[in-house]
Amino acid sequence: MTSTFLAFDYGLKRVGVACGNGLMRQAQALRTIAAEGDARFNQIKKLIDEWRPDALVVGVPFHPDGAEHEITQRARRFARQLNGRFHLPVHEVDERYSSVEAERDDPDDLDSASAAIILQQYFDETAVRTAASPSPSSEDPAP
């Protein structure tokens, strides 16, 4: 697993940002970017230059029943733009309830707290997938 990640909670007016370490599997809220268009990407570039992540994670929202809505497509477009501009792998995470969970914790910065929840969810999901992967048996001959 790569070691440093930046995660984004995409919104039309604001983008929450969190960072995390893949080895420790811990996410922490960083800040919220309240800019649009190129100004938004300029601020993201500064964060990428500062944190030098190996990969990015973007929360993609869905309705409770799993159906897509307008913001789903916009978040996916944002993820593609990040990949195209910064040439880093971008992982999408279903962030259906991240804002609700962040509100429950009553943070000062709801958007960055949501981004941290998204990144923690990514870490948790990859840990489960890794644990569920079959490991080679000690009885198998070496290639």
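In full-length UniProt numbering, the protein residues as written are 1 to 143. Each residue gets a CB set at the ideal place from its N, CA and C atoms; glycine is no exception.
Own chain partners of residue i with C-beta closer than 8 Å, once the 5 adjacent residues on each side are dropped
i, result
"R77", "none"
Per DSSP, cross-strand counterpart(s) of residue i
i, result
"D94", "V60"
"I33", "V15"
Segment limits, beta strand (DSSP E) that includes residue i
i, result
"G84", "No beta strand (DSSP E) holds G84; the alpha helix (DSSP H) holding it covers 70-86."
"D49", "It is not in any beta strand (DSSP E) - D49 instead sits in the alpha helix (DSSP H) that spans 37-51."
"L23", "Where L23 is concerned, there is no enclosing beta strand (DSSP E), given that its DSSP letter is neither H nor E."
Option in the options with minimal Cα separation from residue i
i, options, result
"P61", "R96, Q121, D111", "R96"
"F123", "I71, Y10, R25", "R25"
"D109", "V17, H69, L6, A127", "V17"
"Y10", "V93, P53, G20, D54", "V93"
"L119", "P53, N83, K13, P64", "P53"
Neighbourhood of residue i by C-beta distance below 7 Å, restricted to the same chain and skipping five residues each side
i, result
"A35", "Q43"
"R85", "F41"
Proximal residues to residue i (C-beta, below 6 Å), its chain only, five neighbours per side dropped
i, result
"L23", "S3"
Beta carbon of residue i nearer than 8 Å to that of residue j
i, j, result
"L88", "A55", "yes"
"F5", "G59", "no"
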